[in-house]
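Colleague: Going by my numbering, the first residue of the sequence shown is number 62, and it counts up by one from there.
Before we start, here is the structure in question, set down as structure tokens.
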Amino acid sequence: MRQPRGWIALAWLVLSGDADAHDWYTGKKDPVMQSDCCGNKDCHPIDPREVKETKDGYYVRSPRPAYMNEPQEPEWFIPRERAQASPDDRYHLCEHLMTFYRTIIPHMKFEAYQRYRWRCFFVPKGTSSIEKGR
Numbered sequence: 062m063r064q065p066r067g068w069i070a071l072a073w074l075v076l077s078g079d080a081d082a083h084d085w086y087t088g089k090k091d092p093v094m095q096s097d098c099c100g101n102k103d104c105h106p107i108d109p110r111e112v113k114e115t116k117d118g119y120y121v122r123s124p125r126p127a128y129m130n131e132p133q134e135p136e137w138f139i140p141r142e143r144a145q146a147s148p149d150d151r152y153h154l155c156e157h158l159m160t161f162y163r164t165i166i167p168h169m170k171f172e173a174y175q176r177y178r179w180r181c182f183f184v185p186k187g188t189s190s191i192e193k194g195r
């Protein structure tokens with residue numbers, strides 16, 4: 062009898078810990094577009110080696126192929142004014158999967174395809190574009 066309770070307790074701890082890790086993204090909005098950053102686990106930390114800062118913004122290597130079943134875009138450009146300060150001094154990216162449609166000529170049928178798009182981007186407070194208090 063004790064074994065099922067132990068598994069339930071372990072599952073509860075794992076799931077509640079995951080919710081806390083996701084919690085600080087909740088309620089955040091893109092500073093320019095004013096769209097919500099987070100859907101359901103859309104945000105995650107990324108390796109700083111995947112980010113290149115320029116005077117105009119950031120080039121972020123896409124963590125996965127942008128198109129499903131198509132070649133990966135090498136990187137996304139994120140304008141400086143859309144970057145926000147992260148509370149843990151790490152880079153974070155919020156992305157979501159969108160569905161698009163294209164026409165197949167000559168049949169004039171539509172084919173659906175999916176593509177990842179970035180939604181919000183968080184940078185360490187020590188980066189040149191983010192003031193310490195923001």
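From the three backbone atoms N, C-alpha and C, an ideal C-beta is built for every residue, glycine too.
Where does D97 sit, in a helix, a strand or coil, going by DSSP?
Modeller: For the purposes of this step, residue 97 is taken as residue 36 along the sequence shown, with counting starting at 1. D97: strand per DSSP, three-state reduction.
Colleague: P106 to F182, Cα distance in whole Å?
Modeller: The sequence position of residue 106 within the sequence shown is 45, counting from 1. The sequence position of residue 182 within the sequence shown is 121, counting from 1. The alpha-carbon atoms of P106 and F182 are separated by roughly 10 Å.
Colleague: Quick one: using the 10 Å Cβ neighbour count with 16 as the cut-off for buried, is L158 buried or exposed?
Modeller: The residue you call residue 158 lines up with position 97 of the sequence shown. When all chains shown are included, L158 counts as exposed.
Colleague: Mark I139 as exposed unless 16 or more other C-beta atoms lie within 10 angstroms of its C-beta, in which case mark it buried.
Modeller: Here residue 139 refers to the residue found at position 78 of the sequence shown. With 16 or more other Cβ atoms within 10 Å, it is buried.
Colleague: Do T164 and Q175 have their C-beta atoms closer together than 9 Å?
Modeller: In the sequence shown, counting from the first residue as 1, residue 164 sits at position 103. In the sequence shown, counting from the first residue as 1, residue 175 sits at position 114. Taking 9 Å as the Cβ cut-off, T164 and Q175 do not qualify as a contacting pair.
Colleague: Distance check for T115 and P47, CA to CA, integer angstroms please.
Modeller: Residue 47 cannot be examined here, being either before or after the span of the chain that is shown, 62 to 195.
Colleague: Report all residues from its chain with a CB closer than 6 Å to the CB of A173; omit the five preceding and five following residues, and keep chain order.
Modeller: Taking the first residue of the sequence shown as 1, we reach residue 173 at position 112. Once the five neighbours on either side are set aside, the close Cβ partners of A173 are T160 and Y162.
Colleague: Where do the ends of the beta strand (DSSP E) carrying T164 lie?
Modeller: Taking the sequence shown and counting its residues from 1, the one referred to as residue 164 is at position 103. Run containing T164: Y152 to I165, per the beta strand (DSSP E) assignment.
Colleague: Helix, strand or coil for E136? Go by DSSP, reduced to three states.
Modeller: In the sequence shown, counting from the first residue as 1, residue 136 sits at position 75. The answer is coil: DSSP assigns E136 none of H, G, I, E or B.
Colleague: Give the range of the beta strand (DSSP E) segment to which K170 is assigned.
Modeller: Start at 1 with the first residue of the sequence shown, and residue 170 comes out as number 109. Note, K170: beta strand (DSSP E), K170 to V184.
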